[in-house]
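For the sequence shown, numbering that gives the first Met the number 0 gives the first residue as 0, with consecutive numbering after it.
Heads up, the beta-carbon is just placed ideally off N, CA and C, and yes, glycines get one too.
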Amino acid sequence: MSELEFQIIKSVGFVIALVAVVGLQRSLPHAGQPGSWRLNGGLWALNTVILGIICAGCACTVSRWAAVEGIGLLNQMDSVSGWMTIPIAVLSLDGVSYFWHRANHRVPVLWRFHQVHHSDPTFTATTAIRFHFGELLLALPVRLFAVAVMGIPIPGVIVFELVFAFANFFEHGDIDLPLELEKRLAFLFITPALHRRHHSREAALLNSNYGTIFSFWDRAFRSYGASASDAQIQIGLPGISEVLGPQGALMMPVRGIYRGQ
Numbered sequence: 000m001s002e003l004e005f006q007i008i009k010s011v012g013f014v015i016a017l018v019a020v021v022g023l024q025r026s027l028p029h030a031g032q033p034g035s036w037r038l039n040g041g042l043w044a045l046n047t048v049i050l051g052i053i054c055a056g057c058a059c060t061v062s063r064w065a066a067v068e069g070i071g072l073l074n075q076m077d078s079v080s081g082w083m084t085i086p087i088a089v090l091s092l093d094g095v096s097y098f099w100h101r102a103n104h105r106v107p108v109l110w111r112f113h114q115v116h117h118s119d120p121t122f123t124a125t126t127a128i129r130f131h132f133g134e135l136l137l138a139l140p141v142r143l144f145a146v147a148v149m150g151i152p153i154p155g156v157i158v159f160e161l162v163f164a165f166a167n168f169f170e171h172g173d174i175d176l177p178l179e180l181e182k183r184l185a186f187l188f189i190t191p192a193l194h195r196r197h198h199s200r201e202a203a204l205l206n207s208n209y210g211t212i213f214s215f216w217d218r219a220f221r222s223y224g225a226s227a228s229d230a231q232i233q234i235g236l237p238g239i240s241e242v243l244g245p246q247g248a249l250m251m252p253v254r255g256i257y258r259g260q
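Following this line, the structure appears as structure tokens:
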């Protein structure tokens with residue numbers, strides 16, 4: 000598979016995931032928020048251009064290189080091949096994402112960039128694409144290193160990217176799931192209610208539920224927090240204006256550090 004084919008599949012999956020979650024927001028609305036479409040969409044467009052120029056399809060390239068050179072755990076295990084590598088890929092890369100996300104909240108220089116994501120005063124599917132390009136550039140080598148060390152094949156990378164894209168949009172969705180379904184899903188997966196807590200201005204709630212796909216990472220490493228009521232959650236960051244524009248968002252990393260209360 001070429002890097003171009005990899006990017007096409009990833010892009011189509013991205014669009015399908017966004018459309019699906021927007022549909023869920025309309026059919027199962029929580030707060031009925033419009034979302035910061037203009038700013039978040041603008042940041043996404045900028046990030047797409049920058050990452051496309053610097054490293055389009057890099058994960059595909061690294062995966063192929065690791066396979067050719069026999070590098071990585073899965074490339075050393077003859078007993079694990081084919082479809083068996085896909086769940087391992089999803090689990091391992093989601094685990095790396097969990098620890099990287101947690102580091103973004105603990106390491107000041109990383110938080111300077113990640114706070115742009117948390118500065119959204121609304122909590123909708125578009126929040127999932129609200130990132131500073133600096134954060135994505137810092138995360139890129141971490142993801143590529145994990146692909147190489149694990150020796151994840153291209154199909155595993157693709158499936159992970161597609162599942163991760165949907166999970167990212169879903170956990171940020173302005174969605175109110177039926178209570179019983181919420182309980183069942185939250186046992187294994189990160190739900191919108193669980194992640195809504197993570198976007199609270201209150202530090203005790205903010206510093207929990209770092210997972211993207213699976214909730215057991217938070218349970219295992221003691222960062223899990225049960226979903227909280229709307230009365231307990233004020234979305235965003237203290238000291239950040241609700242009318243933060245593109246320039247303000249891009250300059251946040253150099254202007255200061257905003258923390259939960």
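Pairwise C-alpha distance: residue j and residue i
| i | j | result |
| --- | --- | --- |
| R37 | S80 | 44 Å |
| A227 | N74 | 43 Å |
| H194 | S26 | 19 Å |
| W64 | E179 | 45 Å |
| L187 | D217 | 10 Å |
| P154 | I85 | 7 Å |
| H100 | E170 | 14 Å |
| V158 | V253 | 36 Å |
| S199 | T47 | 27 Å |
| A102 | L109 | 7 Å |
| F13 | P107 | 30 Å |
| V115 | I232 | 18 Å |
| A55 | A230 | 43 Å |
Reduced DSSP category for residue i - H, G, I as helix; E, B as strand; rest coil
| i | result |
| --- | --- |
| P86 | helix |
| S199 | strand |
| I52 | helix |
| I70 | coil |
| Y257 | coil |
| I20 | The sequence as given places Val at residue 20; Ile does not occur at that position. Correct three-state label for V20: helix. |
| V162 | helix |
| Y97 | helix |
| S62 | helix |
| T121 | coil |
| D77 | coil |
Beta-carbon proximity of residue i to residue j, cut-off 8 Å
| i | j | result |
| --- | --- | --- |
| I70 | A124 | no |
| S118 | I239 | yes |
| V11 | A88 | no |
| V190 | L176 | In the sequence on display, residue 190 carries Thr and not Val. Result yes, Cβ atoms of T190 and L176 sit closer than 8 Å. |
| R173 | F122 | Before going further, note that residue 173 is Asp rather than Arg in the sequence given. Yes, Cβ-Cβ distance for D173 and F122 is below 8 Å. |
| A145 | S78 | no |
| V67 | L143 | no |
Counterpart residues of residue i in DSSP-defined beta bridges
| i | result |
| --- | --- |
| F188 | F213 |
| I174 | P28 |
| I234 | S199 |
Chain D contact for residue i (CB, 8 Å cutoff)
| i | result |
| --- | --- |
| G40 | No chain D appears in the structure shown, which is made up of a single protein chain. |
Inset, instruction - Inspect the CB distances between the region 132-149 and the region 90-98 and report whether three or more fall short of 8 Å. - result: yes
Legend entry - the region 157-177 contacting the region 204-215, beta-carbon criterion three pairs below 8 Å: yes
Legend entry - Touching by the beta-carbon criterion (3+ pairs, under 8 Å), the region 238-255 and the region 32-50: Cβ pair count under 8 Å is three or more, so yes.
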